[in-house]
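*Asks:* Protein chains in written order, with the working numbering: chain A, 157 to 469; chain B, 157 to 469.
Think of the CB as a built atom: it goes at the ideal place given N, C-alpha and C, for glycine as much as any other residue.
Please see the structure below; I have some questions.
Number of protein chains: 2
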Amino acid sequence: MNGLDVRRLEYFVAVAEEQHFGRAAERLHMTQPPLSRAVQQLEDELGVTLLRRTTRRVELTPAGEVLLRDARIALDAVAAAERRTRHAGQPSPSLRIALKADLDAGLLQGILAAFAEKPEACQTELVLVSIGEQAQTLRDGRADAAIVLAPYDDRGLDAVPLLSEPTLVAMAAADPLAARDTLRLADLAGHVLPGGRAADQYPASAGNTGNTGNTGDPRPSANAPRRHTVADLTEILRLVEIGTIVAFLPLSVTRRYPRPEIAYRAVADLPESEFVLAWPQQATSRAVAAFVRAAENVAAEVETGGEFLDARR
Amino acid sequence: MNGLDVRRLEYFVAVAEEQHFGRAAERLHMTQPPLSRAVQQLEDELGVTLLRRTTRRVELTPAGEVLLRDARIALDAVAAAERRTRHAGQPSPSLRIALKADLDAGLLQGILAAFAEKPEACQTELVLVSIGEQAQTLRDGRADAAIVLAPYDDRGLDAVPLLSEPTLVAMAAADPLAARDTLRLADLAGHVLPGGRAADQYPASAGNTGNTGNTGDPRPSANAPRRHTVADLTEILRLVEIGTIVAFLPLSVTRRYPRPEIAYRAVADLPESEFVLAWPQQATSRAVAAFVRAAENVAAEVETGGEFLDARR
DNA sequence: GCCATTCATGTCCCCACGGTATCAATCGCT
DNA sequence: AGCGATTGATACCGTGGGGACATGAATGGC
Numbered sequence: 157m158n159g160l161d162v163r164r165l166e167y168f169v170a171v172a173e174e175q176h177f178g179r180a181a182e183r184l185h186m187t188q189p190p191l192s193r194a195v196q197q198l199e200d201e202l203g204v205t206l207l208r209r210t211t212r213r214v215e216l217t218p219a220g221e222v223l224l225r226d227a228r229i230a231l232d233a234v235a236a237a238e239r240r241t242r243h244a245g246q247p248s249p250s251l252r253i254a255l256k257a258d259l260d261a262g263l264l265q266g267i268l269a270a271f272a273e274k275p276e277a278c279q280t281e282l283v284l285v286s287i288g289e290q291a292q293t294l295r296d297g298r299a300d301a302a303i304v305l306a307p308y309d310d311r312g313l314d315a316v317p318l319l320s321e322p323t324l325v326a327m328a329a330a331d332p333l334a335a336r337d338t339l340r341l342a343d344l345a346g347h348v349l350p351g352g353r354a355a356d357q358y359p360a361s362a363g364n365t366g367n368t369g370n371t372g373d374p375r376p377s378a379n380a381p382r383r384h385t386v387a388d389l390t391e392i393l394r395l396v397e398i399g400t401i402v403a404f405l406p407l408s409v410t411r412r413y414p415r416p417e418i419a420y421r422a423v424a425d426l427p428e429s430e431f432v433l434a435w436p437q438q439a440t441s442r443a444v445a446a447f448v449r450a451a452e453n454v455a456a457e458v459e460t461g462g463e464f465l466d467a468r469r
Numbered sequence: 157m158n159g160l161d162v163r164r165l166e167y168f169v170a171v172a173e174e175q176h177f178g179r180a181a182e183r184l185h186m187t188q189p190p191l192s193r194a195v196q197q198l199e200d201e202l203g204v205t206l207l208r209r210t211t212r213r214v215e216l217t218p219a220g221e222v223l224l225r226d227a228r229i230a231l232d233a234v235a236a237a238e239r240r241t242r243h244a245g246q247p248s249p250s251l252r253i254a255l256k257a258d259l260d261a262g263l264l265q266g267i268l269a270a271f272a273e274k275p276e277a278c279q280t281e282l283v284l285v286s287i288g289e290q291a292q293t294l295r296d297g298r299a300d301a302a303i304v305l306a307p308y309d310d311r312g313l314d315a316v317p318l319l320s321e322p323t324l325v326a327m328a329a330a331d332p333l334a335a336r337d338t339l340r341l342a343d344l345a346g347h348v349l350p351g352g353r354a355a356d357q358y359p360a361s362a363g364n365t366g367n368t369g370n371t372g373d374p375r376p377s378a379n380a381p382r383r384h385t386v387a388d389l390t391e392i393l394r395l396v397e398i399g400t401i402v403a404f405l406p407l408s409v410t411r412r413y414p415r416p417e418i419a420y421r422a423v424a425d426l427p428e429s430e431f432v433l434a435w436p437q438q439a440t441s442r443a444v445a446a447f448v449r450a451a452e453n454v455a456a457e458v459e460t461g462g463e464f465l466d467a468r469r
C-alpha cells in the first residue's frame with residue numbers, strides 16, 4: 157500500500173535525468189529490464205504517468221517534473237540524515253565549518269578563538285568547498301556551519317549577518333578602466349564575471365536567493381555540457397591577470413592578494429559584500445548555537461573597531 | 157551497499173517514539189523480532205549506536221537523537237513528494253489553498269476573483285485545517301498555498317506579507333476588564349489563551365518562527381498526554397463567552413462575530429495581526445506564482461482603500 | 001529468589017528484485 | 001518502401017532479504 161522507496165526514487169531520478177532507460181541502467185550498475193519495471197511500479201503505486209515513452213526518447217510528464225523535483229529534495233534529505241547521523245556517532249563529533257578559502261572576511265581566526273573559550277566548545281574542522289556549494293554542503297550534512305557571501309541559496313538554512321564591507325572590482329592592471337579611480341557598474345559593460353555572467357548586470361543574475369524562478373538544474377546531468385566552473389580563488393585571479401574576466405571581491409580579500417598585474421577599483425553603485433553565518437535550520441546542537449554566538453560577538457567587535465581589527469589585513 | 161531505506165527509517169522512528177520495541181512493532185502491524193533486526197541493520201549500516209537498550213526501557217543515544225530529527229524530515233519530504241506527485245497527476249490539478257476558516261482578513265474572495273482573471277488560472281480548492289497546521293499542510297504536499305497569521309513555522313516556505321490589521325482581545329462581556337475601553341497586555345495577567353498560554357506573555361510564547369530552540373516534538377506521540385487543542389474558531393468563541401479564556405483576534409474577524417456576550421477591546425501594546433501568503437519553497441508552478449501575484453495586488457488595493465474595502469465587514 | 005517483561009537469536013518461508021533471453025515498435029538509411 | 005538498428009516492454013528464473021514463529025537471555029520488581 158504505502159510505497160515510495162528510496163531505491164525506486166533513485167531509479168526514477170536517474171531515468172529522468174538521462175532521459176534514457178539504457179543509460180540510466182548503466183549509471184545504476186544494473187540492466188535495463190528491472191529498471192523499466194521499477195519505474196512502472198512507481199507509476200502504479202502513484203496512479204500517475206511519470207514518463208512519456210517514445211521508442212526514441214523518454215520525456216517527463218508534468219507529474220514527472222513534480223516528482224523529479226520533490227524526489228531530489230527527498231533524496232537529499234535522506235542523504236543528509238545519513239551523513240549527520242554518521243558524524244554524530246563519532247566518538248567526539250566535531251563542528252565542521254564550510255569555507256571558501258579566504259572568503260571569511262578575516263573573521264575565522266577570531267571566531268574559532270572565541271568559540272574555543274566557550275564551555276560548549278568542541279573540536280572544529282574546516283571543510284573547504286568551492287563558492288556556491290557551501291549552502292548545499294550544509295543541507296546535505298557535510299558541514300554544520302558556513303561563512304558565506306550573500307546572496308546565496310538560503311533554503312533550509314538559518315543565518316545571521318556578520319558584517320558588510322565594500323566590494324571592489326578586480327581587473328587587469330592593463331585594462332583601460334584601471335586608469336580611473338572609481339567606476340560605475342555601467343562602465344563594466346562588455347566585461348565578464350567568473351561563470352560567464354555580464355559584469356554590468358550584477359547582482360541581478362548572480363547568486364541564488366532560493367525564491368521562485370529557480371529554473372536551473374541544481375545537479376550536473378551526465379550528458380549536459382558542464383560549464384567550466386571556476387572554483388578556486390587563485391584560479392579566478394589568474395584569469396583576471398590575463399584580462400579574461402573581472403571579479404567582484406570584498407575589500408578584505410583584495411588586501412590579501414596585492415598583485416602588480418591586478419588593479420582593484422571601487423565601483424560606486426556596487427552593493428557591499430555581506431558576510432553571513434549560516435547553518436542548517438534543524439541544527440539544534442549546543443555546539444552550533446555556541447559557535448553562532450561566538451561569531452556574532454566577534455563580528456560585532458570588528459564592526460565597532462575592536463581588538464580583532466588588526467588581524468584583518 | 158548504500159542503504160537508508162524509507163521502511164527502516166520508519167521503523168526506527170516508531171521505536172524511538174515509543175521507546176519500546178513491542179509497542180512499536182504493534183504500531184507497525186508487525187512482530188517484534190524483525191523490527192529488532194531492522195534497527196540493528198540500520199545501526200550496522202550507519203556504523204553508529206542509535207539506541208541504548210536496557211531490558212526495561214529503550215533510550216536514544218545522541219546519534220539517535222540526530223537521526224530521529226533528520227529521519228522525520230526525510231520521511232516528511234518523501235511523503236510530500238508522493239502527495240504532490242499524486243496531485244499533479246490528476247487530470248486537471250487544482251490549486252489547493254489551506255485556510256483556517258475566517259482567518260483570511262476578508263481577502264480570499266477578492267484574491268480568488270483576481271486569480272480567476274489570470275491566464276494561468278486553474279481550478280481552486282479550499283483545504284480547511286486548524287490554525288497552526290497550515291504550515292505543515294504546505295510542507296507535506298496537501299496544499300499549494302495558505303493565508304496564515306504571523307508568526308508561524310516558516311521552515312521550507314516562501315512568503316509575502318499581505319496586510320496587517322489591529323489585534324483585539326476577545327473576552328467575556330461580564331469580565332471586569334471589559335468595562336474599560338483600551339487595555340495593556342499587563343492588565344491581562346491571570347487570563348489564559350487557547351492552548352493554555354498566559355495572555356500577558358503574548359507573543360513570547362506563541363507561534364513558532366522555526367528558528368533554533370524548537371524543542372517541542374512536532375508530532376503527537378502515542379503515549380504523550382495530548383493537550384486539548386482548540387481547532388475551531390467557533391469553539392474558541394464559546395469558551396470566550398463563558399469566560400474560560402480570552403483570545404487575540406484580528407479586527408476583521410471580530411467584525412464578523414459580533415456577539416452580545418463577547419467584548420472586543422483594543423490592547424495598546426499588542427502587535428498587529430500580520431496576514432501572510434505562504435507557499436512551499438520549491439513550488440515553481442505558474443499557477444502558484446500567478447496566485448501570489450493576484451494576492452499581492454488585492455492586498456495592495458485593500459491597504460490603499462480600494463474597491464475591496466467594503467467587502468471586509 | 002522467583003517471575004514477568006523485554007529484547008535478541010535461530011529457523012523457515014515467501015516475495016521481490018535483479019539477470020538473461022526475447023519480443024515489439026519505431027526511427028533512419030538506402 | 002523495406003530492412004536493420006535501437007530501445008523499451010515482457011517472460012522466466014534464481015537468489016537474497018524481510019517477516020512470522022519459537023525460543024533464549026538478561027534485567028527489574030515483588
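Given this structure, state the Cα-to-Cα distance separating P322/A from D258/A, to the nearest angstrom.
*Replies:* Rounded to whole angstroms, the separation of the alpha carbons of D258/A and P322/A is 16 Å.
*Asks:* Between L395/B and L318/B, is the Cβ-Cβ spacing less than 8 Å?
*Replies:* Not closer than 8 Å, so no.
*Asks:* Classify E276/B as helix, strand or coil using the three-state DSSP reduction.
*Replies:* coil
*Asks:* Verify the CB distance criterion: does A244/B have a CB-CB separation below 8 Å to chain A?
*Replies:* With a threshold of 8 Å between beta carbons, A244/B makes contact with chain A.
*Asks:* Using the beta-carbon count (16 or more within 10 Å), is H243/B buried or exposed?
*Replies:* Buried is the label assigned to H243/B, since at least 16 other Cβ atoms lie within 10 Å of its Cβ.
*Asks:* With burial defined as no fewer than 16 other Cβ atoms inside 10 Å of the residue's Cβ, what is the status of E273/A: buried or exposed?
*Replies:* exposed
*Asks:* Just the Cα atoms here: how many angstroms apart are T280/B and L268/B?
*Replies:* Rounded to the nearest angstrom, the two C-alpha atoms are 8 Å apart.
*Asks:* By the three-class DSSP mapping on this structure, what secondary structure does L305/A have?
*Replies:* strand
*Asks:* I'd like the list of long-range same chain contacts for P350/B, defined as Cβ closer than 8 Å, with 5 residues on each side in sequence excluded.
*Replies:* V386, I392, L395, I401 and A403
*Asks:* Pick helix, strand or coil for T338/B, following the three-state DSSP scheme.
*Replies:* strand
*Asks:* Residues of chain A with a CB under 8 Å from the CB of D161/B: which are they?
*Replies:* D161, V162 and R163
*Asks:* What in chain A is Cβ-close to T205/B, meaning under 8 Å?
*Replies:* G245, listed in chain order.
*Asks:* Under a Cβ-count criterion, where at least 16 other Cβ atoms within 10 Å of its own Cβ denotes burial, should G346/B be classed as buried or exposed?
*Replies:* G346/B comes out exposed.
*Asks:* Go ahead and pull the three-state DSSP assignment for L259/A.
*Replies:* Note: L259/A maps to coil in three-state DSSP.
*Asks:* Does the Cβ-Cβ distance between Q290/A and A302/A come in under 8 Å?
*Replies:* Yes, Cβ-Cβ distance for Q290/A and A302/A is below 8 Å.
*Asks:* How about V454/A and A235/A: do their beta carbons lie closer than 8 Å?
*Replies:* no
*Asks:* Just to confirm the assignment, what range does the alpha helix (DSSP H) spanning T390/A have?
*Replies:* L389 to E397
*Asks:* Listed from N- to C-terminal order along the chain, which residues in the stretch 225 to 256 of chain B have their beta-carbon within a distance smaller than 7 Å of any beta-carbon of chain A?
*Replies:* R225, D226, A227, I229, A230, A233, V234, A236, A237, E238, R240, T241, R242, A244 and G245
*Asks:* Any beta carbon of chain A sitting closer than 8 Å to that of L202/B?
*Replies:* yes
*Asks:* Out of curiosity, what's the CA-to-CA distance linking V325/A and A254/A?
*Replies:* Distance between the alpha carbons of V325/A and A254/A: 25 Å.
*Asks:* How is A424/B classed by DSSP in three states: helix, strand or coil?
*Replies:* coil
*Asks:* Would L313/B pass as a contact of W435/B if the rule is Cβ separation under 8 Å?
*Replies:* yes
*Asks:* Return the residue from the list R415/B, L405/B and D331/B that minimises the CA-CA distance to E428/B.
*Replies:* L405/B
*Asks:* Below 8 Å between beta carbons is the criterion; list the residues of the stretch 308 to 321 of chain A that meet it against any residue of chain B, in chain order.
*Replies:* R311, G312 and D314
*Asks:* Check the DSSP bridge columns for M327/B and list the partner residues they point to.
*Replies:* A419/B
*Asks:* Three or more beta-carbon pairs under 8 Å between the stretch 165 to 175 of chain A and the stretch 201 to 214 of chain B, yes or no?
*Replies:* no
*Asks:* Taking the DSSP output, what are the residues bridged to A315/B?
*Replies:* A434/B
*Asks:* Sorted by chain position, which residues of the same chain lie with C-beta nearer than 8 Å to D337/B's C-beta, five sequence neighbours on each side aside?
*Replies:* R421 and A422
*Asks:* In the stretch 160 to 242 of chain B, which residue ranges form an unbroken alpha helix (DSSP H) of at least 4 residues, counting only runs that do not cross its ends?
*Replies:* Within the stretch 160 to 242 of chain B, the runs of alpha helix (DSSP H) at least 4 residues long that lie entirely inside it are, in chain order, 162 to 174, 177 to 183 and 188 to 202.
*Asks:* Since P350/A meets chain B, which of its residues come closer than 7 Å, beta carbon to beta carbon?
*Replies:* None at all; the shortest Cβ gap to chain B is about 26 Å.
*Asks:* Can you name the start and end residues of the alpha helix (DSSP H) that L294/A belongs to?
*Replies:* Q290 to R295
*Asks:* Do L251/B and A443/B have their CB atoms nearer than 8 Å?
*Replies:* yes
*Asks:* Report yes if the C-beta distance between A424/B and M327/B is below 8 Å; otherwise report no.
*Replies:* no
*Asks:* Does the beta carbon of Q438/A come closer than 8 Å to any beta carbon on chain B?
*Replies:* So, interface residue.
*Asks:* Should G178/B go down as buried or exposed, given a rule of 16 or more other Cβ atoms within 10 Å for buried?
*Replies:* exposed
*Asks:* Hey, out of E238/A, A450/A, R340/A and V222/A, whose CA is closest to R225/B's CA?
*Replies:* E238/A
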